[in-house]
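Student: Handing you a structure now.
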Amino acid sequence: MEEMNHKWGLQCLYDKAWQAKEYAESLVFRPSEESFQLLPSYFHMFECENLGTITCVTTNGEQRFKYCFWAFGSCIRDFSAIMRLVVAIDTIHLKGRFKGILFVVVCKDANEQIYPVAFGIGHVEDKESWSWFFNQLRRAIGCPKNAMFIFDQDLGIKNAVEKLYKDAYHGLCNYHLGKNVKNRFKRKDVTVIFTLATKCYRLADFNKHMNKLTQLCKPTYDSLMRLGLERWAHARSPVRQYKLMTSNIAECINSCLRHARKMPITVLIECIKGMFQR
């Protein structure tokens with residue numbers, strides 16, 4: 001609007017500017033409805049051009065889009081062969097006309113670089129959508145031995161992981177857990193001790209912090225014990241967690257896709273593919 005006024009001397013109303021923007025995007029990217037219709041054929045070509053790629057599209061009883069899933073073939077092969085088996089799971093809210101949720105599964109390589117494993121899109125984040133997504137994830141990567149899945153305390157994720165990955169280890173995101181401790185108990189000293197306890201490598205150091213936590217706030221100690229020490233404490237983890245103790249690495253994907261999240265679904269997937277190709 002400012003550019004139109006400065007360059008051409010035209011006073012453009014906000015509604016008209018928004019309509020013009022929407023019209024221009026529809027010419028470039030095609031309407032969002034058409035993007036959903038193209039998704040099955042798009043995924044078919046996606047699999048043909050990318051060896052080993054796994055995709056899936058599900059519709060409801062009215063043949064309307066419900067869920068989709070994709071995992072790049074190269075990502076599947078490298079995850080099974082050389083990646084650290086600590087997997088972070090999170091969601092990203094889409095901002096397009098039809099909204100929705102982008103499911104993200106990522107890990108890190110030995111050089112501490114974020115590595116994509118799989119993605120999915122659903123109309124809502126609930127128990128059913130998570131169950132469907134993890135069914136597809138298991139079809140893509142199986143159930144690796146000594147894998148650790150890290151997520152927040154969302155019940156949908158918890159139920160789906162416990163059902164489909166019974167033999168894997170389930171960790172809680174330390175960042176979200178720390179926020180819950182801070183908001184529930186309202187004590188900065190307790191939050192600091194909790195953070196120190198989560199990062200300890202040696203069991204002796206961990207026990208020292210937990211003993212101090214017992215003295216400072218016994219309810220906090222009891223609450224953390226009920227969650228299971230092996231789910232959030234580095235020193236008590238049954239498998240190697242390296243430095244990945246939170247699901248926040250998915251937020252990096254969120255930041256990289258801040259503009260693409262507004263685009264039609266096939267354009268969004270192309271943006272994700274192009275980002276990782278680069």
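Position one of the sequence shown corresponds to residue 1 (full-length UniProt numbering), numbered consecutively onward. Each residue gets a CB set at the ideal place from its N, CA and C atoms; glycine is no exception. Only a predicted model underlies this, so the values are computations on that prediction, with no experimental measurement involved.
1. Since Ile141 contacts Ile89 with CB under 8 Å, what's their CB separation in whole angstroms?
2. Tell me whether Trp70 sits in a helix, a strand or coil according to DSSP, three-state version.
3. For His259, count neighbouring C-beta atoms within 10 Å of its own C-beta (all shown protein chains included) and say buried if the count is 16 or more, exposed if not.
4. Quick one: give me the first and last residue of the alpha helix (DSSP H) that Lys158 is part of.
5. Does DSSP put Ile89 in a helix, a strand or coil?
6. Return the CA-CA distance between Ile82 and Arg240, expressed in angstroms with no decimal places.
7. Do Val190 and Leu172 have their beta-carbon atoms positioned less than 8 Å apart in this structure?
8. Rounded to whole angstroms, what is the Cα-Cα separation between Tyr67 and Cys143?
9. Where does the unbroken beta strand (DSSP E) through Lys108 begin, and where does it stop?
10. Among all the DSSP beta bridges, which residues are the ones paired with Phe65?
11. Alpha helix (DSSP H) containing Gly142: first to last residue?
12. Among Gln37, Ile150, Met45 and Pro238, which residue has its Cα nearest to the Cα of Ile249?
13. Look at Cys252 and Ile92 and say whether their C-beta atoms are less than 8 Å apart.
14. Measure the beta-carbon distance from Ala110 to Arg77 and round it to whole angstroms, keeping in mind my assumption that it falls under 8 Å.
15. Count the other CB atoms, across all protein chains shown, that sit within 10 Å of the CB of Asp152; report buried if there are 16 or more and exposed otherwise.
16. Is the distance from the Cβ of Arg138 to the Cβ of Ile54 below 8 Å?
17. Along the chain, where does the alpha helix (DSSP H) that runs through Tyr201 open and close?
18. Buried or exposed: where does Gln274 fall if 16 or more other Cβ atoms within 10 Å of its Cβ makes it buried?
19. Could you please give the first and the last residue of the uninterrupted beta strand (DSSP E) stretch that includes Val117?
20. Can you grab the Cα-Cα spacing for the pair Leu183 / Leu244, in whole Å?
21. Taking the alpha carbon of Ala160 as the point to measure from, which residue in Asn180, Asn135 and Asp167 has its own alpha carbon closest?
22. What are the boundary residues of the beta strand (DSSP E) that His259 is part of?
23. Beta-carbon separation of Ala57 and Phe43 under 8 Å?
24. Here's the rule I'm using: 16 or more other beta-carbon atoms within 10 Å means buried, otherwise exposed. How should Leu39 be labelled?
25. Near Ser237, which residues of its chain fall below 8 Å by C-beta distance, leaving aside the five closest residues on each side in sequence?
26. Tell me whether Ser131, by its Cβ, gets closer than 7 Å to a heavy atom of the ligand GDP.
27. Within 10 angstroms of its Cβ, does Met225 collect 16 or more other Cβ (buried), or is it exposed?
Tutor: According to the structure shown:
1. On the sequence shown, position 141 is the one that residue 141 refers to. On the sequence shown, position 89 is the one that residue 89 refers to. So it is not a contact: roughly 12 Å between Cβ atoms.
2. The residue given as residue 70 occupies position 70 in the sequence shown. DSSP places Trp70 in strand when its eight states are reduced to three.
3. Reading the sequence shown from its first residue, position 259 is the one you call residue 259. Classification of His259: exposed, given that the 10 Å Cβ count is below 16.
4. Taking the sequence shown and counting its residues from 1, one reaches residue 158 at position 158. Looking at the DSSP string, the run of the alpha helix (DSSP H) that includes Lys158 is Leu155 to Leu164.
5. As a position in the sequence shown, residue 89 is number 89, starting the count at 1. In the structure shown, Ile89 sits in a strand (DSSP, three-state: E or B).
6. As a position in the sequence shown, residue 82 is number 82, starting the count at 1. As a position in the sequence shown, residue 240 is number 240, starting the count at 1. Going by the C-alpha atoms only, they are around 15 Å apart.
7. Against the sequence shown, residue 172 aligns to sequence position 172. Against the sequence shown, residue 190 aligns to sequence position 190. No. Outside cutoff.
8. Indexing the sequence shown from 1 puts residue 67 at position 67. Indexing the sequence shown from 1 puts residue 143 at position 143. Distance between the alpha carbons of Tyr67 and Cys143 is about 22 Å.
9. For the purposes of this step, residue 108 is identified with residue 108 of the sequence shown, where counting begins at 1. In the DSSP annotation of this structure, the continuous segment of the beta strand (DSSP E) that includes Lys108 starts and ends at Ile101 to Lys108.
10. As a working mapping, residue 65 is identified with position 65 in the sequence shown. DSSP, once it has assigned bridges, lists Thr59 as partnering Phe65.
11. One-based indexing of the sequence shown puts residue 142 at position 142. Unbroken run through Gly142: none, as it is neither H nor E.
12. Here residue 249 refers to the residue found at position 249 of the sequence shown. Checked all of Gln37, Ile150, Met45 and Pro238; the closest Cα to Ile249 is Ile150.
13. What you label residue 252 is simply residue 252 of the sequence shown in a count that begins at 1. What you label residue 92 is simply residue 92 of the sequence shown in a count that begins at 1. Contact: no.
14. What you label residue 110 is simply residue 110 of the sequence shown in a count that begins at 1. What you label residue 77 is simply residue 77 of the sequence shown in a count that begins at 1. No, Ala110 and Arg77 are not in contact; Cβ-Cβ is about 16 Å, not under 8 Å.
15. Counting from 1 along the sequence shown, the entry for residue 152 is found at position 152. So Asp152 counts as buried.
16. Your numbering for residue 138 matches position 138 in the sequence shown. Your numbering for residue 54 matches position 54 in the sequence shown. No, they are not a contact pair.
17. Translated into positions along the sequence shown, residue 201 becomes position 201. That residue, Tyr201, is in no alpha helix (DSSP H); it is neither H nor E in DSSP.
18. The sequence position of residue 274 within the sequence shown is 274, counting from 1. It is Gly, not Gln, that sits at residue 274 in the sequence shown. Gly274 should be labelled exposed.
19. Along the sequence shown, one-based indexing puts residue 117 at 117. Here the beta strand (DSSP E) through Val117 covers Ile114 to Gly122.
20. Counting from 1 along the sequence shown, the entry for residue 183 is found at position 183. Counting from 1 along the sequence shown, the entry for residue 244 is found at position 244. This sequence places Asn at residue 183; Leu is not what is there. Using only the alpha carbons, I get a separation of about 23 Å.
21. In the sequence shown, counting from the first residue as 1, residue 160 sits at position 160. Nearest option by C-alpha distance: Asn135.
22. As a position in the sequence shown, residue 259 is number 259, starting the count at 1. Where His259 is concerned, there is no enclosing beta strand (DSSP E), because DSSP gives it neither an H nor an E.
23. Translated into the one-based positions of the sequence shown, residue 57 becomes position 57. Translated into the one-based positions of the sequence shown, residue 43 becomes position 43. Checking the displayed sequence, the identity of residue 57 turns out to be Val instead of Ala. Against a cut-off of 8 Å, the Cβ pair of Phe43 and Val57 comes out as a contact.
24. Position 39 of the sequence shown holds residue 39. With 16 or more Cβ atoms within 10 Å of its Cβ, Leu39 is classed as buried.
25. Within the sequence shown, residue 237 is the residue found at index 237, counting from 1. Met148, Tyr169, Gly171 and Glu230.
26. The model depicted lacks the ligand GDP and carries no ligand whatsoever.
27. Translated into the one-based positions of the sequence shown, residue 225 becomes position 225. Met225 should be labelled exposed.
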